[in-house]
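So the structure is just underneath, and the comments pick up after that.
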């Protein structure tokens, strides 16, 4: 307010410019006069003029405001000049479905940036809050108050098996009895991931027989190809591995449910233009690849 008063030399003009009432500006001027120990503005005829102290304050106050504006205003974000290493947490499937489609375009737009993909921790919210990761791709529900999210896609489950498996030639989805009548190979990144997937699968997880667990998708596909084990995983991943490894695919029964994949970031990054840009690129590419 002081800068505007000194520039306009008018309570009325200052009130209009700042959207305040004249009494409010008059009270503020009185407080400024008391604090500075100078009238600042005096009446000369029918107008107000700055005192010598007011003249002396005009330039430094205006300069300070301009400097403060530079500090407060965020510079325009330019991906091409971005020099930063991002950390994105995801499972093997999360990388395949949500990050791989976007990565070439991201690195082309921001050639000086780098992206590290790290395993999805047991508590993504804590890792995001600590700044250990910038973004997380998750197929499970995380709703802490300080997390932001963008929906990526919803995926159902499918089962992979060797082409000679007794269930490989059936039509439509497996029945729940067929699914639970087979022995399974579980896919997991860690003990935490076993717990999460079993939570999504609910009663099905408790009823199915899992004879082995393995943390690597491609290695698991090799095990499936040489045995009568079933491997249940998200449909997008199942289609890819069925094609690459020559496996048969059957949809899981409806009782198994679906996974809702979300891109997560913390409140601490909500105003970070670089994180916002990266999240937008990932989300846009993911939606485009699913159409």
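In our numbering, the protein residues as written are 309 to 599.
Quick reminder that beta carbons are idealized off the backbone N, C-alpha and C, glycines included.
Computed from a prediction, not measured in an experiment: that's the story for all the values here.
Would you mind sorting residue i into buried or exposed? The rule is 16 or more other CB atoms within 10 Å of its CB.
i	result
residue 415	exposed
residue 485	exposed
residue 503	Confidence is the limiting factor: at residue 503 the pLDDT is only 49, short of 50, which leaves the residue's position unreliable and the question unanswerable from this model.
residue 446	buried
residue 560	buried
residue 400	buried
residue 594	buried
residue 323	buried
residue 327	exposed
residue 608	Residue numbering for the chain in the displayed model covers 309 to 599; residue 608 lies beyond these limits and cannot be assessed.
residue 407	buried
residue 441	buried
Measure how close the beta-carbons of residue i and residue j come, nearest whole angstrom, since I'm counting them as under 8 angstroms.
i	j	result
residue 334	residue 319	6 angstroms
residue 369	residue 314	6 angstroms
residue 525	residue 545	7 angstroms
residue 266	residue 420	Residue numbering for the chain in the displayed model covers 309 to 599; residue 266 lies beyond these limits and cannot be assessed.
residue 341	residue 347	6 angstroms
residue 397	residue 429	6 angstroms
residue 566	residue 496	Not quite, the Cβ-Cβ distance comes to about 19 angstroms (not below 8 angstroms), so this is no contact.
residue 539	residue 492	7 angstroms
residue 487	residue 516	7 angstroms
residue 470	residue 541	Not really, about 15 angstroms apart at Cβ, beyond 8 angstroms.
residue 512	residue 564	5 angstroms
Which partner residues does residue i have in the DSSP bridge list?
i	result
residue 467	540 and 558
residue 311	Partner(s): none; residue 311 has no beta bridge.
residue 495	522
residue 457	572
residue 566	464
Which residue spans inside the region 377-447 form an unbroken alpha helix (DSSP H) run of at least 4?
411-417 and 432-438
State whether the region 431-450 contacts the region 570-590, with contact taken as three or more CB pairs (one from each stretch) at a distance under 8 angstroms.
yes
Is the region 585-596 in contact with the region 450-467, if contact means three or more CB pairs nearer than 8 angstroms?
yes
Three or more C-beta pairs below 8 angstroms linking the region 408-425 and the region 515-534
no
I want to know whether the region 546-553 touches the region 465-484 - three or more CB-CB distances under 8 angstroms.
yes
Which full runs of the beta strand (DSSP E) of 3+ residues lie inside the region 312-360, going along the chain?
349-352 and 355-358
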